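Everything on this sheet refers to the single structure shown next.
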Amino acid sequence: MSSIPSLDYLDRLEAEAIHILREVAGQFERPSLLFSGGKDSIVLVHLAKKAFRPGRFPFPLVHIDTGHNFPEVLEFRDQLAAELGEKLIVRSVEATIKKQKLRDGTGKFPSRNPLQTYTLLEVIEEFAFDACIGGARRDEEKARAKERIFSIRDEFGQWDPKRQRPELWNIYNGRIQRGENVRVFPISNWTELDVWRYIQRESIALPNIYFGHSRTCVVLPSGQLLGLSEHLTLDDDDEIVERQVRFRTVGDSTCTAAVESDAVTIDDIIADLLLAKVSERGATRLDDNISEAGMEDRKRNGYF
Amino acid sequence: MDLLRFITCGSVDDGKSTLIGRLLYDSDSVSLDVLAAIENRPAVHGAIDLALLTDGLRAEREQGITIDVAHKYFTTPRRKFIITDAPGHVQYTRNMVTGASNADLAIVLVDARLGVIEQTRRHTLVAALLGIRQFVLAVNKMDLVGNDEAVFDAIVAEYTTVTRQLDVADVVAIPLSALHGDNVVRRSHKLAWYAGPSLLEHLEQIDVTEDVSADEPRFQVQYVIRPQQVDLPDYRGYAGRIQSGVYRKGDKVRVLPSGLETEIEALEVGQQEVDTAVAPQGVIIRLRDNVDVSRGDSIIVASSKPHVTRAFEATLCWMDERTLEPGQKFLLQHHTALVKASVSALLSKTNVETLLRSAAESAHLNDIVRVRIKTAVPLVADAYQKNRATGAFILLDEQTGATLAAGMIDATE
Ligand SMILES: Nc1nc2c(ncn2[C@@H]2O[C@H](COP(=O)(O)OP(=O)(O)O)[C@@H](O)[C@H]2O)c(=O)[nH]1
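Residue numbers (the working numbering), protein chains in the order written: chain U, 1 to 304; chain B, 1001 to 1413.
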């Protein structure tokens, strides 16, 4: 008789995520997977392959293009979609700004992170998505710690922390009324370290900006480094430097700081992470520092 | 490296937030930017307020209490830990039930000055009811009782009367001070009379490996995979999670509730064919014969004979503002099976403080009641105390979809 496999913690996290993805397939008519091009959504795609191959994915990939993306990430996105042979829907924040006459991000570092919400809600309406799978993790931020795995949003995409359904065992209740939709977070219980260890174990390819490389950066007053791009307006006295850096998240390039790092392999990154004492968001998001309740407000209004 | 999920329960001000904060802080799981944010806030008793590490939402900050279930994570070289923090406030039995449903171990916190109180009983009852077998009695604020062994012993003795009543055998009691960090991560000389492990040492040591081969094999279909591609014209795979036990290629199986018998032709895990798979792995099962199987059906190894029934007794934790009365109709979600159901009778209500049962005509928010349930379609019904995976269900409001109750199957008819 064949031996019984023993499962380690990554196997268990993986099994949980696959179970959640299949629940989405089983419970919803028009699901979608929000694909940012970042490592968390790349891990989701890998998990979807494990959940649904040799079949097709029961959902398209949806990318909300801020127009401030790193070119390396867009290239990676297109190549991945082509390899997968799955449908990729791209909708741009630029178009939403024009259509809804919104005010674009201004100032020196014009973030479009808050504006993504508008495009997201538009695309949900356009395709009548009833479920959107996202790569958010509970360890990212305090308000996320209480987010459900199946999180119900009303017609306006709003999240009400007091009206959340109790989530019992691993029974996921995705029954909704017309106009509502569900955000689903299969890797809720993973930490940044878990994600990296999984990427390592599964040899998952990532955009190269996650690894140490030489880049021209602007030094911010806080000491953080921002990759130089056409979207930034520089002042004469801005300090421009060439540094060995990598990115820990790959959101909007105007508000995603680089960290100095010589880590060129996944092993290096994990070693870095075990030493580093600054959280992912703290290290790299410029716009979350606005207020302690920043994320909570944004989520109430329909953000990822 | 393995995984331990635990829940922390205590009453307001017992020091639960401080304890979790201390575990995270002393195990080096708090990042510098997060620390900087809390260091700007007022100190308590000269120490940084570690409770701030676990307080999330604004409503809570405004009301000054934790109102919902939150999750925290930390990793030591031995183990990844998932902490479910369920609030201690009196009306939130519902949150405690939710948290306990996904936990393997419960830390029950008491204030050394107060000892075992009504809520300690309630928390222990709920955790035991939800199938938690391993308990830690964390006697906190030992510094405020002069680190006195006699105080600790008296509390442990009193708690033993509670656990005995509930048939909970595995209890480890630890005296500690969350505020000062005594016996949380490191053992403290201030409590030298205590010879056992610190809280974290205990959490790292306890055995979490389960012998899945002893469990009845259970599998429920989540989704049918039919690529309908030229290279795979007839492929039909049943995707789902093994809920308990072991499945092997070649196993004779029965599809339930239809009762059709066939054999496992192939077993796939993550695009690879395998000979054996175990709970809680996600697999694809391919069957030898072309039988009719859809989402919600179970594929059970033929030697195992579960009850397949439309009527059973169950314990409900009622979680809604409206009143439950006999005769009401709901949707019942038994993992991937969603069926119409009614609560045909209320049998009794459990007093969560005295742990005694009495007759009941109705149930209200946070009540724990024994009921009789009828379903429109037969279910594969295992008793919850035998099988946590398949003995559990939820009741939903048919119109709004709201989750109204957590249910655990007691006995089948
Ligand atoms: N002296 C002492 N005070 C403590 C201890 N643990 C917590 N406290 C204090 O008890 C109060 C309530 O603690 P908190 O963690 O907010 O309780 P929670 O409501 O259970 O989360 C706070 O003022 C803490 O500083 C302890 O071990 N010793």
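Positions of the beta carbon are idealized from the N, C-alpha and C atoms, including for glycine.
Source: prediction; values computed, not measured.
Could you tell me if the beta carbon of residue i falls within a distance shorter than 7 Å of some heavy atom in ligand 1?
i               : result
L1200 (chain B) : no
H231 (chain U)  : no
G1010 (chain B) : yes
S1177 (chain B) : yes
K1016 (chain B) : yes
D1013 (chain B) : yes
H1180 (chain B) : yes
D1143 (chain B) : yes
N1140 (chain B) : yes
Using DSSP with H/G/I as helix, E/B as strand and the rest coil, what is residue i?
i               : result
F1152 (chain B) : helix
T1390 (chain B) : coil
Y1073 (chain B) : strand
P1378 (chain B) : strand
A1302 (chain B) : coil
M1142 (chain B) : helix
S342 (chain U)  : Limits of chain U in this structure are 1 at one end and 304 at the other, which puts residue 342 (chain U) out of reach.
Y1384 (chain B) : coil
Q244 (chain U)  : strand
I1065 (chain B) : With a pLDDT of 46 at I1065 (chain B), under the threshold of 50, the predicted position of this residue should be treated as unreliable, though the coordinate-derived value follows. DSSP places I1065 (chain B) in coil when its eight states are reduced to three.
A145 (chain U)  : helix
H68 (chain U)   : coil
A1411 (chain B) : strand
H1364 (chain B) : coil
S1213 (chain B) : helix
I1264 (chain B) : strand
Q1243 (chain B) : strand
V1162 (chain B) : helix
If the cut is a Cβ gap below 8 Å, which residues of chain U does residue i touch?
i               : result
A1402 (chain B) : R165
Q1222 (chain B) : H19, R22, E23, A25, G26
H1123 (chain B) : Here the premise fails: no neighbours, minimum Cβ distance about 17 Å.
T1414 (chain B) : Residue 1414 (chain B) lies beyond the range of chain B shown here (1001 to 1413); nothing can be said about it.
Q1271 (chain B) : K49, K50, R53, P54
M1319 (chain B) : P166
Below 9 Å on C-beta distance, what does residue i contact in chain U?
i               : result
N1290 (chain B) : In chain order: nothing, as chain U lies at least about 18 Å away.
S1017 (chain B) : Near S1017 (chain B) there are no residues of chain U at all, since even the closest Cβ is about 12 Å away, more than 9 Å.
A1239 (chain B) : I18, R22, A25, G26, A51, F52, G55
V1230 (chain B) : In chain order: nothing, as chain U lies at least about 12 Å away.
Please decide whether residue i counts as near chain C, where near means a Cβ-Cβ distance under 8 Å.
i              : result
N181 (chain U) : Protein chains in the displayed structure are U and B, and chain C is not among them.
I want to verify the contact list: residues of chain B whose CB lies under 8 Å from the CB of residue i, in sequence order.
i              : result
Y9 (chain U)   : M1001, D1002, L1003, R1079, K1080
D177 (chain U) : Residue 177 (chain U) is actually Gln in this sequence, not Asp. Under the 8 Å cutoff, chain B gives Q1399, T1400, G1401.
L193 (chain U) : T1075
I240 (chain U) : Going along chain B, no residue has its Cβ under 8 Å from I240 (chain U), so there is no contact; the nearest lies around 25 Å.
A15 (chain U)  : R1241, P1280, Q1281, G1282
R201 (chain U) : Under the 8 Å cutoff, chain B gives no residues; its nearest Cβ is about 12 Å from R201 (chain U).
If I follow the unbroken beta strand (DSSP E) through residue i, where does it start and stop?
i               : result
H46 (chain U)   : Looking at the DSSP string, H46 (chain U) is not in any beta strand (DSSP E); the run it does join, the alpha helix (DSSP H), is 39-52.
A1277 (chain B) : 1276-1278
State the beta-bridge partners of residue i as determined by DSSP.
i               : result
L1332 (chain B) : B:V1339, B:L1395
K1349 (chain B) : B:S1358, B:V1369
E75 (chain U)   : Paired residues: none, contrary to the question.
G179 (chain U)  : Answer is none; G179 (chain U) lacks a bridge partner.
Taking the alpha helix (DSSP H) that residue i belongs to, which residues open and close that run?
i               : result
S1101 (chain B) : 1093-1101
Y1025 (chain B) : 1016-1026
P1175 (chain B) : Counting along the chain, P1175 (chain B) falls outside any alpha helix (DSSP H), though it belongs to the beta strand (DSSP E) covering 1170-1175.
V1230 (chain B) : Counting along the chain, V1230 (chain B) falls outside any alpha helix (DSSP H), and DSSP gives it neither H nor E.
L1200 (chain B) : 1199-1205
D272 (chain U)  : 266-275
Y118 (chain U)  : 116-127
Y172 (chain U)  : Looking at the DSSP string, Y172 (chain U) is not in any alpha helix (DSSP H), and its letter there is neither H nor E.
V93 (chain U)   : 93-100
Q200 (chain U)  : 192-202
H19 (chain U)   : 9-27
L1121 (chain B) : Position check: residue 1121 (chain B) holds Arg in this sequence, whereas Leu was assumed. Residues 1118-1129.
If the cut is a Cβ gap below 7 Å, which residues of chain U does residue i touch?
i               : result
S1101 (chain B) : L168, W169
Y1235 (chain B) : P54
A1195 (chain B) : Here the premise fails: no neighbours, minimum Cβ distance about 30 Å.
What residues from chain B crowd round residue i, counting only those whose CB sits closer than 9 Å?
i              : result
A131 (chain U) : In chain order: nothing, as chain B lies at least about 13 Å away.
List the residues of chain B whose Cβ lies closer than 7 Å to the Cβ of residue i, in chain order.
i              : result
A258 (chain U) : Those within 7 Å of A258 (chain U) in chain B number zero; the least Cβ separation is about 16 Å.
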